[in-house]
Ligand code: HEC
Ligand code: HEC
Ligand code: HEC
Ligand code: HEC
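Residue numbers (this note's numbering): 1 to 426.
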């Protein structure tokens with residue numbers, strides 16, 4: 001058990017650390033906790049199967065399994081909150097694994113990152129959680145939002161309408177590519193709309209999803225099939241965001257242009273679904289076009305997979321921009337971890353967390369905690385301690401604190417030995 005003296009010692013150490021951290025911290029004491037943007041959010045799908053998660057968790061299916069349906073989980077937090085939830089449920093999961101004779105899987109940092117990206121991205125295939133777009137609802141949108149005033153549908157092949165027939169989108173195009181085409185054609189549509197007094201049809205995510213499902217079903221408006229979207233690459237999308245000049249007007253978490261909303265500071269709107277991001281882009285395309293014209297910048301269009309990549313980037317942008325408060329992480333450490341772990345003080349009941357190898361990023365730390373959960377559980381029971389639960393925000397704060405300690409230690413080591421340590425704080 002921790003004595004009062006060791007707790008005080010920890011607090012003293014912790015004050016010293018905060019001084020180092022303050023250099024980069026904002027007013028609220030938060031620092032950016034950088035995570036790698038996933039390149040392919042579906043890489044985690046095979047980890048999900050390989051590691052037997054699939055045996056207990058459905059992904060938006062109809063059947064009930066031992067664990068909650070992770071496809072229906074509407075997770076509002078950051079990726080680290082998701083990792084924290086995974087950790088919080090570890091004791092029950094491991095118990096159920098024992099019942100089902102499943103060997104608890106070991107997860108390395110890469111696999112943990114892939115899994116969390118996949119579970120984060122899963123919602124992103126769906127128009128809304130558990131409610132993919134339906135063609136029949138899309139038909140209603142098509143009619144009530146004025147699309148049908150200009151675009152002929154099956155029933156009215158003989159009518160003169162200013163817009164082209166859209167039935168060639170049946171089956172051939174994904175929802176995202178359709179959103180791309182709508183974006184590319186929006187200035188011409190705007191001109192026709194303006195001429196005929198039709199207001200710019202604003203769409204919400206739900207309507208956009210239904211609309212895309214309707215057009216994809218080929219204007220039939222009868223299908224009940226679910227329509228999913230292929231995910232783009234957030235990493236490629238980040239390049240697009242720069243190449244297409246978006247960054248000239250939009251900042252991402254404070255970095256970039258100031259003329260337009262900071263897209264890295266609107267966390268929850270952009271994590272809805274692909275179609276809600278597509279709808280945002282559509283709704284704002286007029287204002288953006290005007291802004292492009294005003295500045296004499298040619299308006300950007302998208303080809304190939306570019307729209308998919310941009311949307312994936314916008315979806316994931318806050319995934320990679322998590323802010324954490326290391327000072328709070330320090331307090332968590334004192335309360336929940338210091339009974340068994342030291343930082344630089346040698347092995348106690350558990351290993352010294354400053355020395356533990358390969359714990360260089362937030363998800364690597366959570367993966368290590370999971371891998372060692374059995375040993376920790378045993379010690380917790382022996383000492384009559386509760387499972388150290390991580391509330392929303394805690395996983396980020398705690399890992400930020402641990403990472404700061406490590407880099408501060410490696411800087412101190414470098415200063416002492418005169419060597420240069422890569423990755424240390426400068
Ligand atoms: C043996 C069955 C089993 C396996 C295998 C399993 N889980 Fe679970 N999981 C559960 C149960 C049961 C719960 C709910 C536990 C509780 O109520 O505390 C849960 C909860 C969760 C939660 C929290 C959900 C929430 O709503 O907060 C996440 C995330 C999760 N599991 C992810 C995974 C991942 C990722 C894997 C694969 C590495 C996995 N699980 C493997 C049974 C399992
Ligand atoms: C006021 C008339 C008008 C309205 C209303 C309108 N469009 Fe259009 N739309 C057009 C015209 C004209 C074009 C052709 C533009 C061009 O040639 O670049 C077009 C092009 C398109 C295209 C690209 C077609 C292609 O293959 O070249 C799509 C997709 C599309 N519209 C979808 C929609 C949707 C969905 C709505 C409702 C939200 C809508 N449009 C509302 C006039 C309209
Ligand atoms: C010339 C400046 C400019 C450029 C370049 C630009 N935008 Fe915008 N964007 C704006 C403005 C201004 C708004 C706000 C429009 C409004 O309020 O209707 C906006 C709004 C948005 C929104 C909606 C945000 C919200 O808060 O609802 C999204 C999403 C978006 N832009 C994405 C992009 C992407 C992706 C690119 C690159 C392809 C891009 N923008 C390029 C000026 C720009
Ligand atoms: C009751 C004692 C106890 C508590 C409290 C505890 N741990 Fe542990 N921890 C252990 C033990 C014992 C091990 C080694 C388990 C093993 O190797 O099987 C361990 C291992 C670990 C490891 C893996 C280290 C390595 O070698 O890579 C990490 C990371 C870790 N703990 C983090 C934490 C964090 C963060 C907290 C606070 C939220 C915490 N632990 C709370 C006992 C504890």
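Just so it is clear, CB atoms sit at the ideal spot from N, CA and C, and this is done for glycine as well.
(message) Is it buried or exposed, residue 306, if we count other Cβ atoms within 10 angstroms and call 16 or more buried?
(response) Counting from 1 along the chain shown, the entry for residue 306 is found at position 306. Residue 306 comes out buried.
(request) Please confirm whether any heavy atom of ligand 1 lies closer than 8 Å to the CB of residue 66. (result) As a working note, residue 66 is residue 66 in the chain shown. Residue 66 Cβ: within cutoff of ligand 1.
(message) By the three-class DSSP mapping on this structure, what secondary structure does residue 275 have?
(response) As a position in the chain shown, residue 275 is number 275, starting the count at 1. In the three-state reduction of the DSSP assignment, residue 275 falls in the helix class, which pools H, G and I.
(request) Put residue 283 into one of helix, strand or coil per three-state DSSP. (result) As a working mapping, residue 283 is identified with position 283 in the chain shown. DSSP places residue 283 in helix when its eight states are reduced to three.
(request) Using 10 angstroms around the beta-carbon of residue 134, count the other beta-carbons present and answer buried if the total reaches 16, otherwise exposed. (result) Start at 1 with the first residue of the chain shown, and residue 134 comes out as number 134. Burial of residue 134 is indicated by the presence of at least 16 other C-beta atoms within 10 angstroms of its C-beta.
(request) In the DSSP assignment, find the unbroken alpha helix (DSSP H) run with residue 88 in it and report its ends. (result) Here residue 88 is taken as the residue at index 88 of the chain shown, counted from 1. From DSSP, the alpha helix (DSSP H) with residue 88 extends over 79-88.
(request) Figure out for me which residue from 294, 204, 246 has the closest Cα to the Cα of residue 301. (result) Position 301 of the chain shown holds residue 301. Here the closest residue by C-alpha is 246.
(message) According to DSSP, simplified to helix, strand and coil, what is residue 226?
(response) Your numbering for residue 226 matches position 226 in the chain shown. The predicted model places residue 226 with a pLDDT of 43, which falls under 50 and marks its position as unreliable; any figure quoted below should be read in that light. Looking at residue 226 - three-state DSSP - the assignment turns out to be coil, as it is neither helix nor strand.
(request) Give me the Cα-Cα distance between residue 408 and residue 43, rounded to the nearest whole angstrom. (result) Working through the chain shown from its first residue, we reach residue 408 at position 408. Working through the chain shown from its first residue, we reach residue 43 at position 43. About 33 Å.
(message) Between which two residues does the beta strand (DSSP E) holding residue 324 run?
(response) As a working note, residue 324 is residue 324 in the chain shown. First-last of the beta strand (DSSP E) with residue 324: 321-324.
(message) Does the structure place the stretch 388-399 close enough to the stretch 52-66 that three or more beta carbon pairs sit under 8 Å?
(response) Below 8 Å, too few C-beta pairs join the stretch 52-66 and the stretch 388-399 to call them touching: fewer than three.
(message) If you follow the alpha helix (DSSP H) that residue 30 is in, where does it begin and where does it stop?
(response) Position 30 of the chain shown holds residue 30. Segment: none, residue 30 is in no alpha helix (DSSP H) and carries neither H nor E.
(request) Evaluate residue 207 with the Cβ neighbour count: other Cβ atoms within 10 Å of its Cβ, from every protein chain shown; 16 or more gives buried, anything less gives exposed. (result) The sequence position of residue 207 within the chain shown is 207, counting from 1. Burial call: buried.
(message) According to DSSP, simplified to helix, strand and coil, what is residue 252?
(response) Numbered from 1 along the chain shown, position 252 holds the residue referred to as residue 252. Residue 252 falls in the strand class under three-state DSSP.
(request) Identify whether residue 133 lies in helix, strand or coil by the three-state DSSP scheme. (result) For the purposes of this step, residue 133 is taken as the residue at position 133 of the chain shown. Strand, per DSSP.
(message) Less than 7 Å between C-beta atoms, sequence neighbours within five positions excluded: which residues of the same chain meet that for residue 40?
(response) Mapped onto the chain shown, residue 40 falls at position 40. The answer, listed in chain order, is 233.
(request) Count the C-beta pairs between the stretch 103-116 and the stretch 391-406 that are closer than 8 Å, then say yes if the count reaches three, no if not. (result) Not touching, per the Cβ criterion.
(message) Let me make sure I understand the geometry here. Which of 350, 404, 405, 361 has the alpha-carbon closest to that of residue 378?
(response) Against the chain shown, residue 378 aligns to sequence position 378. Answer by Cα proximity: 350.
(request) Return the Cβ separation of residue 66 and residue 96 in integer angstroms, given the expectation that the two are a contact with Cβ distance under 8 Å. (result) Start at 1 with the first residue of the chain shown, and residue 66 comes out as number 66. Start at 1 with the first residue of the chain shown, and residue 96 comes out as number 96. Their Cβ separation, rounded to whole angstroms, is 5 Å, which keeps residue 66 and residue 96 in contact under 8 Å.
(message) Considering only the alpha carbon of each residue, which of 189, 192, 162, 145 lies closest to residue 201?
(response) Indexing the chain shown from 1 puts residue 201 at position 201. For residue 201, the closest alpha carbon among the candidates 189, 192, 162, 145 is that of 145.
(message) I'd like to know whether the C-beta atoms of residue 53 and residue 115 end up nearer to each other than 9 Å.
(response) Position 53 of the chain shown holds residue 53. Position 115 of the chain shown holds residue 115. Pairing residue 53 with residue 115 gives a Cβ-Cβ distance under 9 Å.
(message) Classify residue 422: buried if its beta carbon has 16 or more other beta carbons within 10 angstroms, exposed otherwise.
(response) If you number the chain shown from 1, residue 422 lands on position 422. Reliability of the predicted coordinates at residue 422 is poor, the pLDDT of 33 falling under 50, and the value obtained from them is presented with this limitation in mind. With fewer than 16 other Cβ atoms from the protein chains shown falling within 10 Å of its own Cβ, residue 422 counts as exposed.
(message) Please list the terminal residues of the continuous alpha helix (DSSP H) segment that includes residue 430.
(response) Outside the displayed range of the chain (1 to 426) lies residue 430, so it cannot be described from this structure.
(request) Would you mind working out which of 361, 310, 397 sits nearest residue 328, comparing C-alpha positions? (result) What you label residue 328 is simply residue 328 of the chain shown in a count that begins at 1. The shortest C-alpha separation from residue 328 is found at 397.
(message) If distances are taken between C-alpha atoms only, which option among 380, 188, 265, 176 comes closest to residue 338?
(response) As a working mapping, residue 338 is identified with position 338 in the chain shown. The residue with the shortest Cα to Cα distance from residue 338 is 380.
(message) Short of 8 Å in beta carbon distance, which residues of its chain neighbour residue 100, apart from the five on each side in sequence? Order them along the chain.
(response) For the purposes of this step, residue 100 is identified with residue 100 of the chain shown, where counting begins at 1. Result list for residue 100: 55, 56, 66, in chain order.
(request) Note down the Cα distance separating residue 365 from residue 102, rounded to an integer number of angstroms. (result) Walking along the chain shown from the start, residue 365 turns up at place 365. Walking along the chain shown from the start, residue 102 turns up at place 102. Note on geometry: alpha-carbon atoms of residue 365 and residue 102 lie some 23 Å from one another.
(message) Please state whether the Cβ-Cβ distance between residue 324 and residue 32 is less than 9 Å.
(response) Counted from its first residue, the chain shown places residue 324 at position 324. Counted from its first residue, the chain shown places residue 32 at position 32. For the 9 Å CB-CB criterion, residue 324 and residue 32 form a contact.
(request) Would you mind working out which of 179, 111, 356, 35 sits nearest residue 49, comparing C-alpha positions? (result) Here residue 49 is taken as the residue at index 49 of the chain shown, counted from 1. Nearest C-alpha to residue 49: 111.
(message) For a quick check, are the C-beta atoms of residue 333 and residue 401 less than 9 Å apart?
(response) In the chain shown, counting from the first residue as 1, residue 333 sits at position 333. In the chain shown, counting from the first residue as 1, residue 401 sits at position 401. With respect to the 9 Å criterion, residue 333 and residue 401 are classified as neighbours on the basis of their beta carbons.
(message) Let me check you understand the geometry: is the CB of residue 291 closer than 8 Å to at least one non-hydrogen atom of ligand 3?
(response) Position 291 of the chain shown, counting from 1, holds the residue named residue 291. Indeed, a heavy atom of ligand 3 lies less than 8 Å from the Cβ.
(request) Could you pull the start and end residues of the alpha helix (DSSP H) that residue 306 belongs to? (result) Indexing the chain shown from 1 puts residue 306 at position 306. Where residue 306 is concerned, the enclosing alpha helix (DSSP H) starts and stops at 306-316.
(message) Between the alpha carbons of residue 151 and residue 198, how many angstroms are there, rounded?
(response) Walking along the chain shown from the start, residue 151 turns up at place 151. Walking along the chain shown from the start, residue 198 turns up at place 198. Approximately 13 Å, taken between the alpha carbons.
(request) Compare the C-alpha of residue 373 against each of 89, 148, 30, 29 and name the closest. (result) For the purposes of this step, residue 373 is identified with residue 373 of the chain shown, where counting begins at 1. Ranking 89, 148, 30, 29 by Cα distance to residue 373 puts 89 first.
(message) How far does the alpha helix (DSSP H) with residue 163 in it extend, from its first residue to its last?
(response) As a position in the chain shown, residue 163 is number 163, starting the count at 1. Unbroken run through residue 163: none, as it is neither H nor E.
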